[in-house]
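Student: Before we start, here is the structure in question, set down as structure tokens.
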Amino acid sequence: EVEDFPKSFHGAFNYVDEIWVASEFMRRAFLKVSPKPVFKYCLPILTPQVGQSLSRADLSLPAKFIFLFSFDLLSVLERKNPLGLIEAFTRAFPDGAGPALVIKTINGDKRCLEMEKMRYAIRGRSDIILMDAYLSQTENSTLAALADCYVSLHRSEGFGLTIAEAMALGKPAIATAYSGNIEFMTPDNSYLCPARRSEVGPDREPYPATSHWSEPDIETAAQLLRGVYAHQEEARARGLRAAEDIRKHYSPQVAGAQIRDRLATIRRRRSSHPVHSVAFLEDLPEEVKREKGVERP
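Per the numbering used here, the very first residue in the sequence shown carries number 3; after that it's consecutive.
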């Protein structure tokens, strides 16, 4: 989820033959340190199943334009950056100016200090709603479907699954132009917020303090929020393009074909060479091959 894989996790390499990742961002992080082959595959994104009988009232949602962000508080508050989103929304709209921001979380009871930080950040705002609760899969999907725009001003994401799922529902998405979500977000199908690269810093476990993530531009994010709200028809059109792109490039069929081909390659090598032969190791990262003296047969 950041540019460097934590050293404390390196022991896990001993228990696998190969690393499969869902984004180029993740692949680069693993390639720096992995003694095993690293294969990027297409993560299948299924259009979430929506409860047709559920309404906004059922989920305690206001009857106005809704910006939505969902995250788990166990996933590190600083990485998910809801405080940056709150600041951007506050800059974009005076209290009660029109839209609402819904921040859906889980595990707030396990991260009480982080919850208090968010509550303090939204003090005096009637249009920013914190919803900390476990919902069923259908309820979560319906929440995304009932929202008007999904927003993630993350500092870093390995892939960005909640963004992709919202896009699969045809929702316009605003997100940081950095890390795994760049795999499927483009200027044509979404709204990308520029960011500068920054050091992670201390007390961000399990992420290495000397690794890097990003700082999204809050003022530009505020402009994007205002733009989506002011030009809703254009935003809906962009959301429809997003849904089409997700269906085209992240379908189970596309993912299945990639996995089938990779497994066929592995079977072919295992049948023609011993497991620990040079041929089986040819997919190792280049720097690891040089270290081991591996040459392509």
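All C-beta atoms, glycine included, are put in the ideal place defined by N, C-alpha and C.
1) Closest by CA to Leu56, which one among Ile268, Gln139, Leu33?
2) For Gln234, which residues in the same chain have their Cβ closer than 6 Å to its Cβ, ignoring the five residues on either side in sequence?
3) When the Cα of Lys9 is compared with those of Met28, Ser36, Glu20, Val23, which residue comes out closest?
4) Measure the alpha-carbon distance for Ile21 versus Phe41 and round it to whole angstroms.
5) Using the C-alpha atoms, what's the distance from Arg272 back to Lys173?
6) Alpha carbon to alpha carbon, how far is Asp129 from Gly98?
7) Excluding five sequence neighbours on each side, which residues of the same chain lie with their C-beta closer than 8 Å to the C-beta of Val4?
8) For Tyr180 and Leu63, what's the separation of their Cα atoms in angstroms?
9) Note down, one range per segment and in chain order, each alpha helix (DSSP H) of at least 4 residues found wholly within the region 12-99.
10) Taking the C-alpha atoms as reference points, what is the distance between Ile124 and Ile88?
11) By DSSP, does Arg157 sit in helix, in strand, or in coil?
12) So for His251, helix, strand or coil by DSSP?
13) Name the DSSP bridge partner or partners of Leu175?
14) Return the first residue and the last residue of the beta strand (DSSP E) that Leu108 is part of.
15) Round the Cβ separation of His118 and Leu61 to the nearest angstrom and send it over; I've been treating them as touching at under 8 Å.
16) Looking at Ile165 and Ala149, is the spacing between their C-beta atoms short of 8 Å?
17) Name the two residues that bound the continuous alpha helix (DSSP H) containing Ala313.
18) Got a sec, what are the start and stop residues for the beta strand (DSSP E) Glu5 sits in?
Tutor: By the coordinates alone:
1) Put simply, of Ile268, Gln139, Leu33 the residue whose alpha carbon is nearest the alpha carbon of Leu56 is Gln139.
2) No residues qualify anywhere along the chain.
3) For Lys9, the closest of Met28, Ser36, Glu20, Val23 by C-alpha to C-alpha distance is Ser36.
4) Rounded to the nearest angstrom, the two C-alpha atoms are 6 Å apart.
5) Going from the Cα of Lys173 to the Cα of Arg272 covers about 44 Å.
6) If I take the Cα positions, the gap works out to 6 Å.
7) Closer than 8 Å at the Cβ level, and outside the excluded window around Val4, lie Ala31, Arg81, Ser158, Val202, Tyr209, Pro210, Ser213, His214, Trp215.
8) If I take the Cα positions, the gap works out to 30 Å.
9) Restricted to the region 12-99, the alpha helix (DSSP H) segments that are unbroken, complete and at least 4 residues in length are 26-33, 79-82, 84-94, listed in chain order.
10) The straight-line gap from Cα to Cα measures roughly 7 Å.
11) Arg157: coil per DSSP, three-state reduction.
12) If DSSP states are grouped into helix, strand and coil, His251 belongs with the helices.
13) The amino acid at residue 175 is misidentified as Leu; the sequence shows Ala. Tyr152.
14) According to the sequence provided, residue 108 is Ile. The question's Leu does not apply to it. Start and end: 102-108.
15) One detail in the question is off: residue 118 reads as Glu in this sequence, not His. That pair is no contact at about 24 Å.
16) No, the pair does not count as a contact, with Cβ atoms beyond the cut-off.
17) This structure leaves residue 313 out entirely; the chain is present only between 3 and 299.
18) First-last for Glu5: undefined, no H or E at that position.
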